[in-house]
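What follows is one structure encoded as structure tokens, with my remarks underneath.
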Amino acid sequence: MAENRGTVLFTKNMKKDYTILAPSMLPLHFRMLEGVLNSFGYRVRVLETSGKHIIDKGLKYVHNDTCYPALIVIGQLLDALESGKYDPGKTALLLTQTGGGCRASNYVSLLRKAVAKAGYGQIPVIPLSFANLERHPGFKLTVPMVHRMLYAVLYGDLLMTLKNQCKPYEINRGESEALASSWAERLSRELGRKNRISYRKIRENYKSIVKDFSKISRTDERKIRIGIVGEIYVKFSPIGNNNLEDFLISEGAEPVLPGLLDFCLYCVYNGIVDAELYGIRRLKAFFCKILYRFLIKKQKDLICSITENSNFRPMGYFEVTRILPEGIIGLGTKMGEGWLLTAEMLEFASQGVHGIICTQPFGCLPNHIAGKGMMNPVQKRHPDINIVALDYDPGTSRINQENRIKLMLSDAKSRAGCN
Ligand code: SF4
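The opening residue of the sequence shown carries number 1271 in the numbering used here; numbering runs sequentially from there.
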């Protein structure tokens, strides 16, 4: 067992026959990301398990005060290890790390402690991070890999945006979900092929996806639109937020979510902000500027493919979103989701959503400041918007949460004149 200062390493020899388990967050995006990683010779399995037993497993191995997203992903990974489906002698674990200042950067050490406590101390834990936090000889993020991962994110954002605009209105139940799922499978295979990736083909795929969703038969009912913002994991993950999107649909609303690309753009843009505000890491800022321009161009192309081929509403344009919080919160506020959280509330409010749910792990200080703490200034600018902040933790009563959402929906419906 290769080790470096007590850390079990994922070696080159492990690459060909080890299964790497990873927790899910955004089901469509992560299915494609799995395809990309596997095309580079890994055997990654993104876990799609759910249920209360996962939270219970997390509670068994980490303190109940631990950040809720960490508790869930650790519970999901340990549940898989204990399921008997994977050989512990041939399994590794993969976890994303932001490398930022909050406890999210300590998820890996928390996971290692939990894994050792459960008796699997020999299992390598690999942090997936752009901050180069730890080197494992058998796992490396390369430029071609990251390039393909970017397209998985763009495709995922497109599928999620269109699915959410069709599902609440579909006449044939399940059609939008099935279409999004079949496209995700197909794109995962395409992104996983060895041949060179063609941007022309990617743009053709955007067009075909938009056209396929346009063909879904929908009612012309008027429903209220509810934006979901907050900490990245509880905002996106169905286990983290008790299937919030489906709950909103079942209550006669249309959920609206920001894209994952916005979070990537926020991280890159912060590299530029650091140099401008504090005069630090100028070389990094130079590369961030190049990358930022590249990503913005990709987002623009994606938005155009929606507006030119359909009546669907596209995702927000980050160049506009990032200036919205001016005068409310400074760009130096970048712990957790930081100013992006406030910017997304303002973006939704200016796009005419009828209400916003701000999702937070209980006790998550940075996101409470940028989320709950910014509700007043956002409402001052948009007096008609109803915002409700929801805390998530293992002890939260689901009924209480649902009742608060129902209250907000009924207020939003009466203001919008919908039934
Ligand atoms: S900022 Fe919030 S989500 Fe991130 S580690 Fe801290 S408590 Fe968890």
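Using N, Cα and C, we set each Cβ at its ideal position, and we do this for glycine too.
Values in this document were obtained by computation on a predicted structure and should not be read as measured data.
6 Å CB neighbourhood of residue i in its chain, flanking five on each side removed
i, result
"L1307", "V1314"
"G1541", "K1554, A1555, C1558"
"Q1671", "L1660"
"A1272", "L1279, T1281"
"H1406", "L1279, F1280, I1396"
"N1511", "V1504, T1629"
"L1547", "G1602"
"Y1356", "T1289"
"R1301", "A1454, S1458"
"S1309", "G1462"
"F1506", "M1295, L1296"
"L1565", "L1535"
"M1615", "V1499, I1626, V1648"
"N1579", "K1477, V1480"
"E1404", "P1397"
7 Å CB neighbourhood of residue i in its chain, flanking five on each side removed
i, result
"I1344", "G1328, Y1331, V1332, L1380, L1381, A1384"
"V1423", "H1299, L1530, L1531, C1534"
"G1522", "K1493"
"Y1539", "Y1562, R1592"
"E1445", "I1486"
"L1428", "Y1476, I1479, L1572"
"S1667", "none"
"Y1312", "K1285, I1290"
"A1701", "Because the chain spans 1271 through 1689 in this model, residue 1701 falls outside it and cannot be assessed."
"N1441", "The question names Asn, but residue 1441 in the sequence shown is Ile. Cβ within range, chain order: S1487, R1488, T1489."
Presumed contact (8 Å Cβ cut-off) between residue i and residue j, rounded CB distance
i, j, result
"V1378", "Q1367", "6 Å"
"C1634", "C1337", "7 Å"
"A1613", "R1592", "6 Å"
"I1396", "L1364", "5 Å"
"K1285", "G1408", "4 Å"
"I1649", "E1501", "Checking the sequence, you will find Gln at residue 1649 rather than Ile. Going by Cβ atoms, the distance from Q1649 to E1501 rounds to 20 Å, so no, they are not a contact pair."
"L1317", "A1340", "About 15 Å; that fails the 8 Å criterion."
"N1646", "A1682", "No, N1646 and A1682 are not in contact; Cβ-Cβ is about 19 Å, not under 8 Å."
"A1619", "H1652", "4 Å"
"N1637", "L1611", "6 Å"
"A1640", "G1600", "In fact, because the Cβ distance is near 11 Å, the residues do not count as touching under 8 Å."
Beta-carbon proximity list for residue i, same chain, < 8 Å, skipping 5 on both sides
i, result
"P1508", "P1297, S1320, L1514, E1515, D1516"
"R1674", "V1658, L1660"
"R1551", "G1541, D1544, A1545"
"P1358", "L1351, Y1390, Q1392, I1393"
"A1388", "Y1331, L1348, L1351, E1352"
"I1467", "H1417, R1418, Y1421, L1461"
"L1527", "M1430, T1431, N1434, G1497, I1498, K1505, F1506, E1515"
"E1304", "A1292, V1314, R1315, V1316, S1458"
"P1664", "I1325, G1328, L1329, N1334, Y1338, L1341"
"T1577", "P1584"
Where the beta strand (DSSP E) containing residue i begins and where it ends
i, result
"N1334", "Counting along the chain, N1334 falls outside any beta strand (DSSP E), and DSSP gives it neither H nor E."
"L1398", "1395-1398"
"V1526", "1523-1526"
"A1659", "1656-1662"
"I1290", "1289-1292"
"L1365", "1361-1366"
"C1628", "1625-1631"
"I1494", "1494-1500"
Residue i CB to nearest heavy atom of ligand 2 below 7 Å
i, result
"E1501", "Absent from the structure shown: ligand 2. Ligands present: ligand 1."
Opening and closing residue of the alpha helix (DSSP H) in which residue i lies
i, result
"R1315", "That residue, R1315, is in no alpha helix (DSSP H); its beta strand (DSSP E) goes 1314-1316."
"L1380", "1377-1387"
"M1302", "1297-1309"
"R1405", "From DSSP, R1405 is part of no alpha helix (DSSP H); its letter is neither H nor E."
"K1676", "1668-1686"
"A1350", "1338-1352"
"K1650", "1645-1651"
"N1637", "1635-1640"
"M1615", "1608-1620"
Checklist entry - Using 8 Å as the Cβ pair cut-off and three pairs as the minimum, do the stretch 1460-1474 and the stretch 1419-1437 touch? => result The answer is yes - the stretch 1419-1437 touches the stretch 1460-1474, with three or more Cβ pairs under 8 Å.
Next on the checklist: Under 8 Å: do the stretch 1449-1459 and the stretch 1478-1496 share three or more Cβ pairs, one atom per stretch?
Outcome noted: Counting Cβ pairs under 8 Å, three or more are found: they touch.
Next on the checklist: Under 8 Å, with one C-beta from each stretch per pair, do the stretch 1484-1492 and the stretch 1423-1439 reach the 3-pair mark?
Outcome noted: The stretch 1484-1492 is in contact with the stretch 1423-1439.
Next on the checklist: So, does the stretch 1492-1511 touch the stretch 1616-1631, judging by three or more C-beta pairs under 8 Å?
Outcome noted: Short answer: they touch.
Checklist entry - In the stretch 1418-1506, which residue ranges form an unbroken alpha helix (DSSP H) of at least 4 residues, counting only runs that do not cross its ends? => result Counting whole runs of 4 or more residues, the stretch 1418-1506 contains the alpha helix (DSSP H) stretches 1445-1461, 1469-1484, 1502-1506.
Checklist entry - In chain order, which continuous runs of the beta strand (DSSP E) of length 3 or greater are located wholly inside the stretch 1515-1597? => result Scanning the stretch 1515-1597 for uninterrupted beta strand (DSSP E) segments of 3 residues or longer gives 1523-1526, listed from N- to C-terminal end.
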